[in-house]
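Have a look at the structure below, then the notes.
Number of protein chains: 2
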Amino acid sequence: MYSNVDELFSKMTKRAKKSAIRELLKLTKKPGLISFAGGLPAPETFPSKELEDITREVLEKESALALQYGTTEGDDLLREQITLRYQKMGLKITKDNVAITTASQQALDFLGRVFINEGDVVIVEFPSYLGALQAFNAFGAKPIGIESDELGMSPVLLEKKLAELKAQGIRPKFMYIIPDFQNPSGVTMPASRRKEIIEVAHKYEILIVEDSPYRELRFEGEPQPTLYELDDRGTTIMLGTFSKTFVPGFRTGWIIADPLILDKFITTKQSVDLCTPAFVQRIAARYMERGLFDAKLNDIIKLYGHKKNIMMDAFKKYLPEGVTWTNPEGGLFLFVYLPEHMDSEKLFMKAVENNVAFVVGHVFYCDGVSGKNTMRINFSYCSDEQIVEGVKRLGKAIREYKD
Amino acid sequence: MYSNVDELFSKMTKRAKKSAIRELLKLTKKPGLISFAGGLPAPETFPSKELEDITREVLEKESALALQYGTTEGDDLLREQITLRYQKMGLKITKDNVAITTASQQALDFLGRVFINEGDVVIVEFPSYLGALQAFNAFGAKPIGIESDELGMSPVLLEKKLAELKAQGIRPKFMYIIPDFQNPSGVTMPASRRKEIIEVAHKYEILIVEDSPYRELRFEGEPQPTLYELDDRGTTIMLGTFSKTFVPGFRTGWIIADPLILDKFITTKQSVDLCTPAFVQRIAARYMERGLFDAKLNDIIKLYGHKKNIMMDAFKKYLPEGVTWTNPEGGLFLFVYLPEHMDSEKLFMKAVENNVAFVVGHVFYCDGVSGKNTMRINFSYCSDEQIVEGVKRLGKAIREYKD
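These protein sequences, in sequence, are chains P and E.
The first sequence begins at 11 in this note's numbering and counts up one residue at a time.
The second sequence begins at 11 in this note's numbering and counts up one residue at a time.
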């Protein structure tokens, strides 16, 4: 290798740091350790048996299509099925509003490619999803976090910040919002709050990105309308994925947007990977067409609702006074607040000693310093017994913690 | 939508033009038209039956892995199988040199992300693969084409250009070479030429990218050593894919490189799509493990060799005097040179009238103006009868052509 190879790397590569969280997570590969860190769906929710039948049929009857190159915008039948599903939820869309992506992470990357020049401002929730922050940062974005309360992002603080930015001649490229069972906080925005946020967005002419991977995983309370359907000016871009409601191993997601904007994503995808695997797209399309999606979804919702309740009970029983947490109505994650003086990164080391792990909360705060006393907990992957035992160990680690 | 939405798009998006070739290809969606334009493998080469068995077994025995998130660098078993295959060819690599990509196009995009800042120079063959040129251009690369002869890129012209650039203080980020059955030209570089190119690259400390999607599809002549194995300084990055030797519908490819460089690609992939679908990777791994890959490959080689011969015979019979072409020893494409005065874009319209299509050659020349009298012809997709009839129509279109 050339000794001066480093000077060949792009600014983008030089900007990409090894994720600190990845380094921490390596410590959790320890036998016997119970991890609440990942975001993995429970493997018992995978419809292997149903997929055997569908895959066989797809290979028998339509392999010339399913094993060939696909179109960049995605399999027509899958786009139709996704369109139908959202139409039933009340969205006024056609197939021309839908493009398939190699799961949500690709859509997040595309947001960076399509909108962000180095130094551009984007608005995010505070805290927000780490994978999104990383994708935007890769393009040199300056994320600005807007504080949230128990109903999600504050429209008052949002408007204040946008006015401030406008006075400086700055128009953020978009605002990135996870309105349902937010990652990491578990908070859901009610319809009234959604309307207020959209109103502010329109006033300042800011695009809205609605990332909604967990939306269909509601085990309590009433579904809230999507930002997409509430937005009467068509300025919302919605992201969806099968990763939590079907299988992550297919890496199949979608973008729903105004065709003017969707077209930019499709042109981007052509250069990025040409198309998402036709094979998994066609299998997913047939799976939906047969109505298997809904049947399985109900099982998943029941399972995760049950697991969340187990965790809530264990929290009450085993976590010491002064620790609080969110109680999500759906999704896979909740957020824990330790007493102010505690540092969850220090606690992490103690927790790993006790054979339990979580994600330190500060990585979700785009300023890199807030949320030192927070942690994200996943409740979808562990068994009931592991949840109880893991929370017990977590409680012990918190009690053993020393500043 | 906001009337001023255009000002939100990034420089990258503004740079991405709708591909002219895509617009032309829309004209070929005409019933009865015989297309030599695409790069599609013949669907009769798809091992549907074998995949039925393997998929069933994967779903039965390892669905918890195959339907779950995978690691960013790729399925371990698949990386092992690919490593084994290249070790047998003589490459001194381990699994740590191999990362899986969402097929070759993603690897081309990664080259842009990892190395190219706006305005950076990259060296390409002249002509070169359009998908690569597009991927590099997305990042604002300045491609410089080095003329080729019947043995591939000229080392003399390469050295001249690199000396010129060095005098200007410019170090190209890499040189992009398709050494086997080049796309579009069909030309293969002999070992001696490869060594000369590597020598020049080392002298000027330029990284080499060896894109080799067709390497294993050799139906005549002797295999030439890879640039990767000839490069004793480890400065070559090799790209491979299953798209032409197995199935394109899996979108599974790989990068082989020094771990120092591979690490940058893996960090990039984490932000771009997290991982390639675990499902298709595991199926592909089991397919290779069972030795099915080689058996099928032999069939594909026989079929494409046969189709190429049919096309050569038809060319001799039906193309008018003054038209010449390359005669590839493998791969999917050949290149046709029309008489100098002819413009293949004009001919394209005449050809479509005659119900036959090809890709206009000038799109493969990075200066955007050379190669007006050339065209790329694919011989892998059409049936024998379609090849003969298509060439007959092409001959007629050439005869009918008027300046």
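Backbone N, C-alpha and C define an ideal beta-carbon position, used for all residues, glycine too.
Please read these numbers as outputs of a predicted model, since none were measured by experiment.
- About 17 Å separates the beta carbon of E/Val132 from that of E/Glu169, a gap too long to meet the 8 Å contact definition.
- The residue among P/Ile247, P/Glu174, P/Leu143, P/Glu135 with its C-alpha nearest the C-alpha of P/Met199 is P/Glu135.
- One thing to note: P/Arg204 has its Cβ within 8 Å of the Cβ of P/Leu240.
- Counting only Cβ-Cβ distances below 8 Å, E/Gln115 has contacts in chain P at Ser281, Val282, Asp283, Leu284, in chain order.
- Close CB contacts of E/Glu157 within its chain, under the 7 Å cut and outside five residues either way in sequence, are with Phe136, Ser164, Leu167 (chain order).
- Counting along the chain, P/Arg89 sits inside the alpha helix (DSSP H) bounded by residues 86-99.
- DSSP, reduced to helix, strand and coil, places E/Thr111 within a strand of the structure shown.
- Under the DSSP assignment, P/Tyr297 falls in the alpha helix (DSSP H) whose first and last residues are 288-299.
- Under the Cβ criterion of 8 Å, P/Thr334 is not counted among the residues facing chain E.
- Annotation for E/Glu135: the continuous beta strand (DSSP E) segment containing it runs 131-136.
- Counting only Cβ-Cβ distances below 9 Å, E/Asp119 has contacts in chain P at Ser281, Val282, Asp283, in chain order.
- For E/Gln144, the C-beta contacts it makes with chain P under 9 Å involve Gln280, Ser281, in order along the chain.
- Relative to the Cα of P/Leu175, the nearest Cα in the group P/Ile187, P/Phe191, P/Ile154 belongs to P/Ile154.
- Between E/Leu342 and E/Leu348, the CB-CB gap reaches or exceeds 8 Å.
- Note that the segment 245-264 of chain P does not touch the segment 228-235 of chain P; fewer than 3 beta-carbon pairs, one per stretch, sit closer than 8 Å.
- For the options E/Ser114, E/Val369, E/Asn383, the alpha carbon positioned closest to that of P/Gln280 is the one of E/Ser114.
- For the segment 283-302 of chain P, the set of residues with a beta-carbon nearer than 8 Å to any beta-carbon of chain E comprises Asp283, Leu284, Cys285, Thr286, Pro287, Ala288, Phe289, Val290, in chain order.
- Contact check for P/Gly340 against P/Phe229 passes: the beta carbons are separated by less than 8 Å.
- Put simply, the CB of P/Gly259 is near chain E, with a gap under 8 Å to one of its CB atoms.
- The three-state reading of DSSP puts P/Gly141 in helix, counting H, G and I together.
- E/Leu217 carries a strand assignment under DSSP once its states are collapsed to helix, strand and coil.
- Taking E/Gln291 as the centre and dropping the five residues before and after it, the same chain places the C-beta of Gly80, Gly84, Asp85, Leu88, Ile110, Thr262 closer than 7 Å to its C-beta, in chain order.
- Per DSSP, the beta-bridge partners of E/Asn388 are E/Phe343.
- When the beta-carbon positions are compared, P/Leu61 and E/Gln78 stay at least 8 Å from each other.
- When the alpha-carbon of E/Thr278 is set against those of E/Gly381, E/Met352, E/Arg123, E/Asp221, the nearest one is in E/Arg123.
- Within the DSSP secondary-structure output, P/Glu157 pairs in a beta bridge with P/Phe136.
- Against E/Leu77, the close residues of chain P are Pro53, Phe56, Ser58, Leu61, Val257, Pro258, Gly259, Phe260, in the order they occur along the chain (beta-carbon pairs closer than 8 Å).
- Contact of E/Arg243 with chain P by beta-carbon distance below 8 Å involves Met11, Tyr12.
- Beta-carbon to beta-carbon, P/Leu249 and P/Ala117 are separated by about 5 Å, close enough to satisfy the 8 Å threshold.
- Contacts with chain P at 8 Å (Cβ-Cβ) include E/Ser73.
- Neighbourhood of P/Arg95 in chain E, by CB distance below 9 Å: empty, with the nearest CB roughly 21 Å away.
- According to DSSP, residue pairing for E/Arg228 in a beta bridge involves E/Gly340.
- According to DSSP, residue pairing for E/Leu348 in a beta bridge does not occur.
- In this chain, the beta strand (DSSP E) harbouring E/Tyr186 covers 184-187.
- With a threshold of 16 other beta carbon atoms within 10 Å, E/His372 meets it and is buried.
- Residue burial annotation: P/Leu227 is buried, with at least 16 other C-beta atoms found within 10 angstroms of its C-beta.
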